[in-house]
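Peer 1: Structure in structure tokens, see below.
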Amino acid sequence: MDVFTQILAFIITVLVLVSIHEAGHFVVAKLLGMKVLRFSVGFGKAIFKFHDKKGTEYVIAFIPLGGYVKLLDEREVAVPEAEKHLAFNRQPLWARTLVVLAGPMTNLLFAILAFWLMFMVGIESLRPVVGSVQPNSIAARAGLQPGDEIIKVDGTPTLTMQQVVMRVVERLGEKDSMDIEAISALTHLPVHYNLNLQNWVVNQLNPAPLTSLGIEPLRPEIPAIIGTIAPQSPAQVAGLLPKDKILTLNNQRIANWYDLVAMIHANPGKTVTVTYARNNKSESKRITIQKKSAGLRYVGSIGVKPPPISIPANMITLRKYPPFPALGVATNETWQFLVFNFVVLKKMIMGQVSLSSLGGPITIFQTADDAFRQGASVFLGFLALISVMLAFINVLPIPGLDGGHLLNFLIEFIIRRPLSLRFEMISVQVGIFLLIMLMVLATFNDILRLFGGSPPS
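Quick note: the sequence shown uses the numbering used here, first residue 1239, plus one each step.
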């Protein structure tokens, strides 16, 4: 059933978002009087297809990693004289531009719609409360205190911990200062902290923006009790069982699940003594911690996860609005995530964000499943985020993407004549090569994460 749910969530995600993107191209092309030869969701061999009365072929193909709309074009097929006025290449520049822009714009409109529904239903998020501050860290030197609730970063409101992380990521690599406004845990009044970023260093092997500043979010207390054990994992081989409570690891006290994760992650490949409580009796076993790759580093894993937890109400903020205010919040959320994508791209180009943070189809597969299981609101938010990301990627000036076509149209506008077919074909081949390399890198990162274990250990 787990595998079925994962596949179902992934298929729904791909079908919805690809269909919406391609529908944008399709509808605008039809409205402007162009002939559409094929509307395909997926690549490769067709699983299902049919034709309408106007000759358009609708296809669902075997590889669900994209889609396309094929328009009538004299540069690709022989076009009868009677249909030449319907060909894409015969259309004025403004019409072709609208058709290409329609895909990304439809993704953004869908994101607004999905966020709008999410905010009307209501979405629970972790409040931006500081759990602890590392001694001698940037945050500690600025005076930040445990229990402070961060309400603004550099003047931008932060209602959730996710928004705090996004604002911090946008400052990666900078060396001036960061202004944090918080509700003080001591006085319950607003207070400003000025964080000096001159010596800010982020570990590219294990990027954790908040931790690099010395801030740990307030998290629910999770006891070090085993919930589930992966088959053939070190924990199962050693004889650990669900409901065992971990007491010590190499005689070091384990106070909670976070301690357990930290110690296991820090000891990949080592054999350790685990002391645990079972049926009110203390027992010990030797376990060899698995060494697994996680991005560009190695971490330890024994294949255990905690039981399901409920987050206390005082750690959660509910974002729920009436229809009209929800629409404004949804539009702003879409804009914020679009800008965030551009900022992160800039940071990657400048080397301030590691390429190891790229995620590919496996990441989407796993995240879709997690969001799907958490209910309609979370899944709607996930669809909106991926839709914004698709819009962003497609407007990049890479040949073969919508942005590549728009770049060609801009050149055509400047030189006052269409580009040669040979130039376009070569540029598309280069673009496809770049996209394949990017996909290989993203999938490689996925595989490293997949075999590198997850935070639960």
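We put the CB at the ideal spot given by N, CA and C, even for glycine.
Small disclaimer: the values here were computed from a predicted structure and weren't measured.
#1: Applying the criterion that 16 or more other CB atoms from any shown protein chain within 10 Å of the CB defines a buried residue, is Glu1459 buried or exposed?
#2: State the beta-bridge partners of Asp1417 as determined by DSSP.
#3: Looking at the strands, I want to know which residues DSSP matches up with Gly1538.
#4: Ala1500 by DSSP, collapsed to three states: which one?
#5: Using a Cβ-Cβ cut-off of 7 Å (strictly less than) and excluding sequence neighbours within five positions of Thr1526, which residues of its own chain qualify?
#6: Apart from the five residues on each side of it in sequence, which residues of its chain come closer than 8 Å, Cβ to Cβ, to Tyr1559?
#7: Return the chain-ordered list of same chain residues with a C-beta closer than 6 Å to the C-beta of Gly1538, the five sequence neighbours on each side being excluded.
#8: In angstroms with no decimal places, state the Cα-to-Cα distance between Val1402 and Gly1619.
#9: Considering only the alpha carbon of each residue, which of Trp1573, Val1252 and Ala1261 lies closest to Ala1340?
#10: Output the distance between the C-alpha atoms of Leu1346 and Leu1355, rounded to the nearest integer angstrom.
#11: For Glu1571, which option in Ile1554, Ile1624 and Tyr1536 has the closest C-alpha, if you only look at C-alpha atoms?
#12: How would you write the range of the beta strand (DSSP E) that Ile1587 sits in, first residue to last?
#13: Can you tell me whether Gly1641 is buried or exposed? The criterion is at least 16 other CB atoms within 10 Å of its CB, across all chains shown.
#14: Exposed or buried, which one is Asp1386 when buried takes at least 16 other CB atoms within 10 Å?
#15: Does the stretch 1365–1381 touch the stretch 1642–1658, meaning 3 or more C-beta pairs lie closer than 8 Å?
#16: In angstroms with no decimal places, state the Cα-to-Cα distance between Trp1627 and Ile1467.
#17: Can you name, in chain order, every residue of its own chain whose Cβ lies under 6 Å from the Cβ of Leu1451, other than the five neighbours on each side?
#18: Determine the direct distance from the alpha carbon of Ser1415 to that of Tyr1698, and round the result to whole angstroms.
#19: With 16 other CB atoms within 10 Å as the buried threshold, where does Asp1607 fall?
#20: So the candidates are Asn1518, Pro1544 and Lys1413; which of them puts its Cα closest to the Cα of Tyr1496?
#21: Taking Cβ positions, are Ala1462 and Asn1489 nearer each other than 7 Å?
#22: Going by alpha carbons, who is nearest to Ser1522 out of Ile1492, Ile1484 and Phe1575?
#23: How big is the Cα-Cα spacing for Ala1247 and Gly1304?
#24: Distance, Cα to Cα, Ile1285 vs Val1279?
#25: Answer yes or no: do Ile1554 and Glu1362 have a C-beta to C-beta separation smaller than 7 Å?
#26: For Lys1543, name the three-state secondary structure that DSSP assigns.
#27: Does DSSP put Gly1305 in a helix, in a strand, or in coil?
#28: Along the chain, which unbroken stretches of the alpha helix (DSSP H) at least 4 residues long are found entirely within the stretch 1453–1520?
#29: Are the Cβ atoms of Ile1258 and Thr1335 separated by less than 7 Å?
#30: Verify whether the separation of the beta carbon atoms of Glu1319 and Val1581 is less than 7 Å.
#31: Checking contacts by CB at 7 Å: is Arg1457 closer than that to chain D?
#32: Nearest to Lys1481 by alpha carbon, out of Pro1455, Arg1457 and Asn1518?
#33: So, are the CB atoms of Phe1348 and Val1307 less than 7 Å apart?
#34: Kindly indicate the opening and closing residues of the alpha helix (DSSP H) around Ala1340.
#35: Can you tell me the Cβ-Cβ gap for Arg1405 and Thr1394, rounded? I've got them flagged as a contact below 8 Å.
#36: Rounded to whole angstroms, how far is the Cβ of Arg1524 from the Cβ of Thr1511, which I believe are closer than 8 Å?
Peer 2: A quick look at the data gives this:
#1: Indexing the sequence shown from 1 puts residue 1459 at position 221. So Glu1459 counts as exposed.
#2: Working through the sequence shown from its first residue, we reach residue 1417 at position 179. According to DSSP, Asp1417 bridges with Asn1432.
#3: Residue mapping note: residue 1538 aligns to position 300 of the sequence shown, counting from 1. Gly1538 pairs with Lys1529.
#4: Along the sequence shown, read from residue 1 onward, the residue named residue 1500 stands at position 262. Ala1500 carries a helical assignment under DSSP once its states are collapsed to helix, strand and coil.
#5: Locating residue 1526 in the sequence shown gives position 288, where the first residue counts as 1. Answer for Thr1526: Pro1472 and Thr1509, listed in chain order.
#6: In the sequence shown, residue 1559 corresponds to position 321, counting from 1. These residues qualify, in order along the chain: Phe1357, Met1358 and Val1567.
#7: The count along the sequence shown starts at 1 and reaches residue 1538 at position 300. Apart from sequence neighbours up to five positions away, the residues of its chain that approach Gly1538 with a beta-carbon distance below 6 Å are Ile1502, His1503, Asn1505, Pro1506 and Ile1527, ordered along the chain.
#8: Reading the sequence shown from its first residue, position 164 is the one you call residue 1402. Reading the sequence shown from its first residue, position 381 is the one you call residue 1619. The alpha-carbon atoms of Val1402 and Gly1619 are separated by roughly 17 Å.
#9: Position 102 of the sequence shown, counting from 1, holds the residue named residue 1340. If you compare the alpha carbons of Trp1573, Val1252 and Ala1261 with that of Ala1340, the shortest gap goes to Ala1261.
#10: Position 108 of the sequence shown, counting from 1, holds the residue named residue 1346. Position 117 of the sequence shown, counting from 1, holds the residue named residue 1355. Cα to Cα, the separation comes out at about 14 Å.
#11: Taking the sequence shown and counting its residues from 1, one reaches residue 1571 at position 333. Each of Ile1554, Ile1624 and Tyr1536 was checked against the Cα of Glu1571, and the nearest Cα belongs to Ile1624.
#12: As a working mapping, residue 1587 is identified with position 349 in the sequence shown. Boundaries for Ile1587: no beta strand (DSSP E) harbours it, while the alpha helix (DSSP H) harbouring it runs Pro1561 to Ile1587, taken from the DSSP string.
#13: Walking along the sequence shown from the start, residue 1641 turns up at place 403. Its Cβ being crowded by 16 or more others within 10 Å, Gly1641 is buried.
#14: For the purposes of this step, residue 1386 is taken as residue 148 along the sequence shown, with counting starting at 1. When all chains shown are included, Asp1386 counts as buried.
#15: Taking a contact to require three or more Cβ pairs closer than 8 Å, the stretch 1642–1658 and the stretch 1365–1381 do not qualify as touching.
#16: Position 389 of the sequence shown, counting from 1, holds the residue named residue 1627. Position 229 of the sequence shown, counting from 1, holds the residue named residue 1467. Going by the sequence as given, residue 1627 is Met instead of Trp. So the alpha carbons of these two residues sit roughly 35 Å apart.
#17: Locating residue 1451 in the sequence shown gives position 213, where the first residue counts as 1. For Leu1451, where only same-chain residues beyond five positions count, the Cβ hits under 6 Å are Ile1376 and Ala1377.
#18: Outside the displayed span of the chain (1239 to 1695) sits residue 1698, for which this structure offers no information.
#19: If you number the sequence shown from 1, residue 1607 lands on position 369. In this prediction, Asp1607 has a pLDDT of 46, which is less than 50 and means its spatial position is unreliable; what the coordinates show is noted afterwards. Counting the other CB atoms within 10 Å of its CB gives Asp1607 a total of 16 or more, which places it among the buried residues.
#20: For the purposes of this step, residue 1496 is taken as the residue at position 258 of the sequence shown. In this structure, Pro1544 is the residue among Asn1518, Pro1544 and Lys1413 with its C-alpha nearest to the C-alpha of Tyr1496.
#21: As a first step, residue 1462 must be located in the sequence shown, where it is residue number 224. As a first step, residue 1489 must be located in the sequence shown, where it is residue number 251. No, Cβ-Cβ distance for Ala1462 and Asn1489 is not below 7 Å.
#22: The residue labelled residue 1522 in the question sits at position 284 within the sequence shown. When Ile1492, Ile1484 and Phe1575 are compared, the shortest CA-CA separation from Ser1522 is found for Ile1484.
#23: Residue 1247 sits at position 9 when you count from the first residue of the sequence shown. Residue 1304 sits at position 66 when you count from the first residue of the sequence shown. Rounded to whole angstroms, the gap between the alpha carbons of Ala1247 and Gly1304 is 16 Å.
#24: Locating residue 1285 in the sequence shown gives position 47, where the first residue counts as 1. Locating residue 1279 in the sequence shown gives position 41, where the first residue counts as 1. Ile1285 and Val1279: Cα-Cα distance of roughly 10 Å.
#25: Taking the sequence shown and counting its residues from 1, one reaches residue 1554 at position 316. Taking the sequence shown and counting its residues from 1, one reaches residue 1362 at position 124. Closer than 7 Å, so yes.
#26: Here the question's residue 1543 lines up with position 305 in the sequence shown. Strand at Lys1543.
#27: Position 67 of the sequence shown, counted from the start, is the residue given in the question as residue 1305. It is a strand residue.
#28: Those alpha helix (DSSP H) runs which fall completely within the stretch 1453–1520 and span 4+ residues are 1472–1476 and 1495–1503.
#29: For the purposes of this step, residue 1258 is identified with residue 20 of the sequence shown, where counting begins at 1. For the purposes of this step, residue 1335 is identified with residue 97 of the sequence shown, where counting begins at 1. Their beta carbons are not under 7 Å apart, which means Ile1258 does not touch Thr1335 by this criterion.
#30: As a first step, residue 1319 is located in the sequence shown; it is residue number 81 there, counting from the start. As a first step, residue 1581 is located in the sequence shown; it is residue number 343 there, counting from the start. Glu1319 is not a Cβ neighbour of Val1581, given a cutoff of 7 Å.
#31: Included in the structure is just one protein chain, with no chain D present.
#32: Position 243 of the sequence shown, counted from the first residue, corresponds to residue 1481. When only C-alpha atoms are compared, the closest one is Asn1518.
#33: Within the sequence shown, the letter at position 110 stands for residue 1348. Within the sequence shown, the letter at position 69 stands for residue 1307. Their beta carbons are not under 7 Å apart, which means Phe1348 does not touch Val1307 by this criterion.
#34: Counted from its first residue, the sequence shown places residue 1340 at position 102. Looking at the DSSP string, the run of the alpha helix (DSSP H) that includes Ala1340 is Leu1331 to Val1359.
#35: For this step, residue 1405 is matched to residue 167 along the sequence shown. For this step, residue 1394 is matched to residue 156 along the sequence shown. Confirmed, Cβ separation roughly 6 Å.
#36: Along the sequence shown, read from residue 1 onward, the residue named residue 1524 stands at position 286. Along the sequence shown, read from residue 1 onward, the residue named residue 1511 stands at position 273. Rounded, the Cβ-Cβ distance is 6 Å, consistent with contact.
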